[in-house]
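Heads up: the structure comes next, in structure tokens.
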Amino acid sequence: MLQGKKIILGISGSIAAYKSAFLTRLLIKAGAEVQVLMTPSAQDFITPLTLSTLSKRPVYSEVSSETGWNNHVELGLWADAMLIAPVTATTLAKLANGLCDNILVAAYLSARCPVFFAPAMDLDMWHHPATRHNVERLISYGNQLIPVGVGELASGLSGEGRMAEPEDIVAYLERFFAQKQDLAGKKILLTAGPTYEPIDPVRFIGNRSSGKMGIALADAAARRGAEVTLILGPSKLTPQEKAVKLIKVETAQEMHDAAVQLFPQMNAAILAAAVADYRPKTVATEKIKKKGEELQLDLIKNPDIAADLGKMKQAGQLLIGFALETNDEESNAQGKLEKKNFDCIVLNSLRDAGAGFNHDTNKISILFRNNKKRDFELKSKNAVAEDILQAMIDLFNV
Ligand code: CTP
Numbered sequence: 147m148l149q150g151k152k153i154i155l156g157i158s159g160s161i162a163a164y165k166s167a168f169l170t171r172l173l174i175k176a177g178a179e180v181q182v183l184m185t186p187s188a189q190d191f192i193t194p195l196t197l198s199t200l201s202k203r204p205v206y207s208e209v210s211s212e213t214g215w216n217n218h219v220e221l222g223l224w225a226d227a228m229l230i231a232p233v234t235a236t237t238l239a240k241l242a243n244g245l246c247d248n249i250l251v252a253a254y255l256s257a258r259c260p261v262f263f264a265p266a267m268d269l270d271m272w273h274h275p276a277t278r279h280n281v282e283r284l285i286s287y288g289n290q291l292i293p294v295g296v297g298e299l300a301s302g303l304s305g306e307g308r309m310a311e312p313e314d315i316v317a318y319l320e321r322f323f324a325q326k327q328d329l330a331g332k333k334i335l336l337t338a339g340p341t342y343e344p345i346d347p348v349r350f351i352g353n354r355s356s357g358k359m360g361i362a363l364a365d366a367a368a369r370r371g372a373e374v375t376l377i378l379g380p381s382k383l384t385p386q387e388k389a390v391k392l393i394k395v396e397t398a399q400e401m402h403d404a405a406v407q408l409f410p411q412m413n414a415a416i417l418a419a420a421v422a423d424y425r426p427k428t429v430a431t432e433k434i435k436k437k438g439e440e441l442q443l444d445l446i447k448n449p450d451i452a453a454d455l456g457k458m459k460q461a462g463q464l465l466i467g468f469a470l471e472t473n474d475e476e477s478n479a480q481g482k483l484e485k486k487n488f489d490c491i492v493l494n495s496l497r498d499a500g501a502g503f504n505h506d507t508n509k510i511s512i513l514f515r516n517n518k519k520r521d522f523e524l525k526s527k528n529a530v531a532e533d534i535l536q537a538m539i540d541l542f543n544v
């Protein structure tokens with residue numbers, strides 16, 4: 147997978163820099179071309195001679211040197227990927243703030259390729275809010291975090307903060323290059339999970355949605371290069387892909403407000419949430435006490451997120467809905483497709499074994515505006531997510 151790939155390996159000054167020699171060797175062995183860039187302090191931990199011998203190229207550590215100007219702009223355009231490993235807390239802060247005082251940061255700012263960063267630091271430094279903030283910022287710029295390992299640290303402490311092992315870093319890159327990046331540059335909004343509508347401080351009206359299908363879609367879209375924002379109702383699950391921007395909500399109203407605010411900046415929205423259609427008219431401030439044989443709850447209608455986004459939709463934006471039906475499946479789904487101004491709707495029937503809430507599998511049909519329909523076999527929710535994204539990509543390309 148890395149055969150012929152051009153990779154900038156940026157090394158900053160951490161004790162983990164000794165692993166960069168092995169990392170360089172593994173990348174070269176996998177067929178990649180490797181251009182090493184070092185921060186000045188990285189040279190305190192490993193020599194440029196070691197790395198230039200292994201990478202079979204000169205190593206750069208300054209923007210200009212006795213031999214002339216080292217063109218970081220050209221390097222940024224040359225690379226298929228930039229891998230910064232190890233990233234120290236200082237380099238992390240520089241990258242997050244665009245503080246360009248060495249060739250590594252200069253190449254990073256000039257790079258048009260995907261950037262991966264593998265931090266290495268002591269556990270308290272790793273958990274410090276400043277570091278957390280810088281990591282989140284780098285992720286929000288579309289860079290990919292290669293998660294830190296857990297174990298013995300150079301300080302003698304034990305915990306999170308070790309740089310990922312070179313084999314794992316190479317495997318991460320290989321997975322990335324194996325994956326089609328056909329959603330790169332697209333901004334996708336997703337809703338997923340149930341909503342909880344409070345009755346009193348301890349009770350709510352909810353539903354059995356696990357959020358699995360929407361989370362699988364968010365992960366799959368992020369792996370295909372999209373910038374994904376997931377508005378997730380109360381679910382025990384969370385996305386695996388660190389690049390997914392997660393907004394947690396409880397109620398339909400909160401989900402609605404977040405979706406309406408974000409939709410104008412999006413290329414597409416996929417609405418997989420099982421939104422409560424009604425909520426209690428009043429929410430008791432104290433726990434409701436048991437009285438009498440019957441209890442009456444008055445419910446009022448929640449906003450319809452899909453219908454409101456359907457009204458806001460502009461040319462070039464796509465809106466994809468879900469319909470989970472128990473009867474008259476196709477005509478119900480067709481009705482929702484038109485009423486909510488969806489471009490296509492994913493139909494699953496509760497009559498199909500293995501489909502719907504809480505299963506790891508799903509069996510879907512996708513209905514389009516031109517009365518076309520595509521039926522799919524029973525598959526894992528991850529595989530179903532790929533089919534739905536493919537349908538979306540086909541619609542983008544029409
Ligand atoms: N939906 C939404 N907001 C709502 C209700 C539904 O965004 N308040 C979205 C769902 O996420 C789904 C689609 O609309 O993508 C269809 O949901 P469904 O509950 O089947 O539609 P309803 O209009 O509520 O129809 P029904 O009468 O069958 O409940």
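Under the numbering used here, the residues of the sequence shown are numbered 147 to 544, in order. Note that CB positions come from ideal geometry on N, CA and C, so glycine has one too.
{"Asked": "Could you tell me which uninterrupted beta strand (DSSP E) segments, each at least 3 residues in length, are contained entirely in the segment 485–538, listed from first to last along the chain?", "Found": "490–495, 511–514 and 519–521"}
{"Asked": "Which residue wins for smallest C-alpha separation from A227, given the options R278, K151, F514 and P194?", "Found": "K151"}
{"Asked": "Using only the alpha-carbon positions, how far apart do I361 and D268 sit?", "Found": "32 Å"}
{"Asked": "Restricting to Cα atoms, I'd like to know which of R520, L169, A176 and K486 is closest to L197.", "Found": "L169"}
{"Asked": "So P312 and V294 are supposed to be a Cβ contact under 8 Å. How far apart are they, rounded?", "Found": "Actually they do not touch by this definition, with Cβ atoms about 14 Å apart."}
{"Asked": "From which residue to which residue does the beta strand (DSSP E) around T375 run?", "Found": "E373 to L378"}
{"Asked": "Is K457 near the ligand CTP, going by C-beta to nearest heavy atom under 8 Å?", "Found": "no"}
{"Asked": "Where does M309 sit, in a helix, a strand or coil, going by DSSP?", "Found": "coil"}
{"Asked": "Just to confirm, does G357 get its C-beta within under 8 Å of one of the non-hydrogen atoms of the ligand CTP?", "Found": "no"}
{"Asked": "Across the segment 424–435 and the segment 464–477, are there enough close Cβ pairs to call them in contact, namely three or more that are closer than 8 Å?", "Found": "no"}
{"Asked": "Can you tell me which of T507, N494, F409 and D314 puts its alpha carbon nearest to the alpha carbon of K519?", "Found": "N494"}
{"Asked": "With distances taken between CB atoms, is the gap from A338 to L291 smaller than 9 Å?", "Found": "no"}
{"Asked": "Where do the N-terminal and C-terminal ends of the beta strand (DSSP E) with G467 fall, by residue?", "Found": "L464 to E471"}
{"Asked": "From the DSSP secondary-structure annotation, give me the bridge partner or partners of G295.", "Found": "R308"}
{"Asked": "Would the segment 378–389 count as touching the segment 297–308 if we require 3 or more Cβ pairs under 8 Å?", "Found": "no"}
{"Asked": "How many Å lie between N353 and T341 at the Cα?", "Found": "7 Å"}
{"Asked": "Can you tell me whether DSSP reads Q290 as helix, strand or coil?", "Found": "strand"}
{"Asked": "So does T196 have its beta carbon nearer than 8 Å to some heavy atom of the ligand ZN?", "Found": "Looking at this structure, you won't find the ligand ZN anywhere; what it does contain is the ligand CTP."}
{"Asked": "If you measure between the beta carbons of A188 and S160, is that distance less than 9 Å?", "Found": "yes"}
{"Asked": "List the endpoints of the continuous alpha helix (DSSP H) containing P194.", "Found": "P194 to S201"}
{"Asked": "At the level of alpha carbons, what is the spacing between I416 and L483?", "Found": "13 Å"}
{"Asked": "At a threshold of 8 Å, does G467 count as lining the ligand CTP (C-beta to nearest heavy atom)?", "Found": "yes"}
{"Asked": "Which value, in whole angstroms, describes the spacing of the CA atoms of A235 and L392?", "Found": "24 Å"}
{"Asked": "Quick one: what's got a C-beta closer than 7 Å to R283's C-beta in the same chain, skipping five residues either side?", "Found": "A242"}
{"Asked": "For the 8 Å Cβ check, are there 3 or more pairs between the segment 316–333 and the segment 180–194?", "Found": "no"}
{"Asked": "Please identify the residue among P449, D270 and I157 whose C-alpha is closest to the C-alpha of F191.", "Found": "I157"}
{"Asked": "Do you know how far the Cα of K394 is from the Cα of V492?", "Found": "24 Å"}
{"Asked": "In the DSSP assignment, find the beta strand (DSSP E) that holds R425 and state where it starts and stops.", "Found": "Y424 to P426"}
{"Asked": "Return the residue from the list D474, L223 and F514 that minimises the CA-CA distance to C490.", "Found": "F514"}
{"Asked": "Let me know the secondary structure DSSP gives S166 once reduced to three states.", "Found": "helix"}
{"Asked": "Kindly indicate which residue of A257, A499, T397 and A276 has the alpha-carbon position closest to the one of D423.", "Found": "T397"}
{"Asked": "For W272, does the count of other Cβ atoms within 10 angstroms reach 16, so buried, or fall short, so exposed?", "Found": "buried"}
{"Asked": "Mind checking S207: buried by the 16 CB within 10 Å criterion, or exposed?", "Found": "buried"}
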